[in-house]
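Order-wise, the sequence lines are chains A and B.
Note that the numbering used here has the first sequence beginning at 1, numbered continuously upward.
Note that the numbering used here has the second sequence beginning at 260, numbered continuously upward.
Note that CB positions come from ideal geometry on N, CA and C, so glycine has one too.
Every value quoted in this text rests on a predicted model; they were computed, and no experiment measured them.
Protein chains: 2
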Amino acid sequence: MNLKLTLLAVSSLVSVAQATLVEKTVIYEQGGVTLEGFQVYDDAVSGKRPGVLVIHQWTGLAENEKRRSRMLAELGYTVFAADVYGKGVRPQVPEAGKEAGKYKTDRGLYRARMLAALDVLKADERTDATKLAAIGYCFGGTGVLELARAGTEISGVVSFHGGLDSAPGMAAVAGKIPAKVLVLHGAADPYVPAEQLAAFQKEMTEAKADWQVVLYSDAVHAFTQKEAGNDPSKGAAYQQAADERSWGAMQQFFKELFK
Amino acid sequence: MNLKLTLLAVSSLVSVAQATLVEKTVIYEQGGVTLEGFQVYDDAVSGKRPGVLVIHQWTGLAENEKRRSRMLAELGYTVFAADVYGKGVRPQVPEAGKEAGKYKTDRGLYRARMLAALDVLKADERTDATKLAAIGYCFGGTGVLELARAGTEISGVVSFHGGLDSAPGMAAVAGKIPAKVLVLHGAADPYVPAEQLAAFQKEMTEAKADWQVVLYSDAVHAFTQKEAGNDPSKGAAYQQAADERSWGAMQQFFKELFK
Chain A
1 MNLKLTLLAV
11 SSLVSVAQAT
21 LVEKTVIYEQ
31 GGVTLEGFQV
41 YDDAVSGKRP
51 GVLVIHQWTG
61 LAENEKRRSR
71 MLAELGYTVF
81 AADVYGKGVR
91 PQVPEAGKEA
101 GKYKTDRGLY
111 RARMLAALDV
121 LKADERTDAT
131 KLAAIGYCFG
141 GTGVLELARA
151 GTEISGVVSF
161 HGGLDSAPGM
171 AAVAGKIPAK
181 VLVLHGAADP
191 YVPAEQLAAF
201 QKEMTEAKAD
211 WQVVLYSDAV
221 HAFTQKEAGN
231 DPSKGAAYQQ
241 AADERSWGAM
251 QQFFKELFK
Chain B
260 MNLKLTLLAV
270 SSLVSVAQAT
280 LVEKTVIYEQ
290 GGVTLEGFQV
300 YDDAVSGKRP
310 GVLVIHQWTG
320 LAENEKRRSR
330 MLAELGYTVF
340 AADVYGKGVR
350 PQVPEAGKEA
360 GKYKTDRGLY
370 RARMLAALDV
380 LKADERTDAT
390 KLAAIGYCFG
400 GTGVLELARA
410 GTEISGVVSF
420 HGGLDSAPGM
430 AAVAGKIPAK
440 VLVLHGAADP
450 YVPAEQLAAF
460 QKEMTEAKAD
470 WQVVLYSDAV
480 HAFTQKEAGN
490 DPSKGAAYQQ
500 AADERSWGAM
510 QQFFKELFK
C-alpha cells in the first residue's frame, strides 16, 4: 500500500545483505594502562564515513557492546567500542559495581579513558573525523554525558538508560557543550529519581546545550539488555518496545548529525 | 559514503515526485452543527492505506493544518483534517482563546467532534480502518490526548506542543487506552508547568497506557509554527530543530504503528 515504506524496507535489506563486517581487537593505552577495544566496520562501504564510539556497561566491554557495534557498522559507520576498565578487566555482578564506582567517583579518569578511545576511532583512515558521535549503555550512558560535559568536539552523544548526575565541580559549562545530547530513558527507572532527571535538564539548559530527553513508559533500567530479564519489578529489565524505539531514535539523531 | 543513507534519500525523492495529491472539502455534521473538514490523499498510491486524522490549533482548521495534511498524504497516508469548531468558525487571537475554551471546558463535546471527524476518515474507501492515528497541534494536541483518554480504538495519537491536563472525572481509565501515545513537547513551554507534565505521566502510567514523552531543549509553545515568530521569550516561537525532530519522531512512531 505505501510505496515509500516498501522501498525503504528493500533498500535496508540490500544494505545489510551487502555488508562485509571486518572486526579487529585494538590494543591501546591511557595513563600507562593497557586497554583492549573492539573495532568494526563494513568493508563494502568505500571512503571515509562517520565514526561512532561505544561505551560499555558496568561489566566492561563484552558481547552486548560488540553486538551493538556490529549493528552500527551495518548502518555504515566505522565503530570503536572502548575499553574503559583495562585489558582483562571484565567484572561480573557484584564486583562490576565496585569497578564502575572507580570511574563514577573519578570522572576525570573516566573522561580520559573515553578520550583515548575516541583518539583510536579518529585515527582510523576510514573515519571522517568531522563526523563523530558516542553512545553508551548504563554506566556508559553516564559516560557519554561526561564526554559532552567535558566539551568534547563531537557531533553528538546518546545515553541509553544512563545515570544523569554530574560530579561536583564537573557540571556542564555554559556555551562549552558542542555535542548535541540525546537521553533515552526509562520513565520507571528506579536508579534515576525524578529529581536527578530535573537536575540534568536544568544543568543542560543553563549550559545552553542542545539536548533531548525521551521517556519510555513502563521501562526500567537496562531496557535494551535481554540479559536483564523481563521482570520490571526488579528495577532492571528488557523491554522490546523501548529497545526498538530507542534504537530508532538514535538512528534519526545520527541522520541529523551526519547529514 | 553511506550506501544506505543514499538509497533512502533517493527512494524518498521518487515517492514525492510521484505523488499526485487530491484535495477535497468535506461537509459533515455533529450534534446538528455543520462542519467543514479537509481531505487529502495521494492518488498515485493504490489500495487501502493507513489513515491519519489531524486536529487543528486554537484558530481552527486553516492553512497550517492543510500543509501538514499534505505532508502526511505525501508519506502515503489518507488524511482528514477535522473541523472541531464548525463551518466558518475560524477565530483569530484573542477570540481564538475563547473558542478553544468552549471545548477545553466541555471535553465531552470536544471528543464528540473529533469522533465525528474520525468517522469521516474511516468511511473513505481508501482508508484501512484497522490502521488509524491522530495528530494535533496546540489545542489539537490536547484534543488527541482526549481521543486516547476516551478509549478510542485507534493505533496511536501524537500531540505536538499540546496541553496535557485532563478534565475532572475524565482522566484515562486503567486498561482502557488502546491508542499508543506520543507527546512531543517543548521543554521550556511556559503553558505546561512541570507539575502538569508529571501529572500526565502519572495518569498515563496508572492507566497502563503505552506512552512516550519527548522533551526538546529551548523549545517553547508552538515550536512547529513559523507564524509564532522566533522569540522564545514570548512563550510561543518556532524552532526549526524541534520542528524537524518532532516530525521525524512522528514518522518513526507511524512506522511502528502501521507495520
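In the three-state DSSP reduction, Asp490/B falls in the coil class, being neither helix nor strand.
By the rule that beta-carbons nearer than 8 Å mark a contact, Ala466/B does not touch chain A. Within the same chain, and ignoring the five residues on either side of Gln39/A in sequence, the residues whose Cβ sits closer than 6 Å to its Cβ are Lys24, Val26 and Phe80. In this structure, Arg385/B keeps its C-beta atom at 8 Å or more from the C-beta atom of Met429/B.
Distance from the CA of Leu320/B to the CA of Ser328/B, rounded to the nearest whole angstrom, comes to 11 Å.
Per the DSSP secondary-structure output, Phe80/A pairs in a beta bridge with Gln39/A and Leu53/A. With a 10 Å radius around the Cβ and a threshold of 16 neighbouring Cβ atoms, Asp42/A comes out buried. Tyr238/A places its beta carbon less than 8 Å from that of Gln225/A. In this structure the region 460-473 of chain B lies against the region 433-448 of chain B, because at least three pairs of beta carbons, one per stretch, are closer than 8 Å. For the beta strand (DSSP E) assignment, the uninterrupted runs of no fewer than 3 residues enclosed by the region 173-247 of chain A are, from N- to C-terminal side, 180-186 and 211-216.
Of the candidates Ala500/B, Phe513/B, Glu503/B and Gln499/B, Phe513/B places its Cα closest to the Cα of Arg245/A.
For Asp210/A, a Cβ of chain B is located within less than 8 Å of the residue's own Cβ. Contact residues of the region 229-252 of chain A toward chain B are Ala241, Glu244, Arg245, Gly248, Ala249 and Gln252 (C-beta to C-beta distance below 8 Å).
At a cut-off of 8 Å between beta-carbon atoms, Gln39/A makes no contact with chain B. Chain-ordered listing is empty here: chain B has no CB closer than 7 Å to the CB of Met71/A, the nearest sitting near 12 Å. In chain order, Ala446, Leu474 and Ser476 make up the part of chain B whose C-beta sits under 9 Å from the C-beta of Gln201/A. Of all alpha-carbon atoms in Tyr77/A, His56/A and Gly31/A, the one lying nearest the alpha-carbon of Ser46/A is that of Tyr77/A. Rounded to the nearest angstrom, the Cβ distance from Phe139/A to Trp58/A is 4 Å, consistent with a contact under 8 Å. In the three-state reduction of the DSSP assignment, Leu164/A falls in the coil class. For Met204/A, the closest Cβ of chain B is nearer than 8 Å. Looking only at Ile314/B, Gly410/B, Gly415/B and Arg370/B, the smallest Cα-Cα distance to Phe517/B is reached by Gly415/B. The straight-line gap separating the alpha-carbon atoms of Arg372/B and Phe419/B is approximately 19 Å.
Counting of Cβ neighbours within 10 angstroms places Val22/A among the exposed residues, the total staying below 16. The straight-line gap separating the alpha-carbon atoms of Val120/A and Glu333/B is approximately 43 Å. Excluding the 5 residues flanking it on each side, Glu203/A has same chain C-beta neighbours closer than 8 Å at Ser166, Ala171 and Ala172, in chain order.
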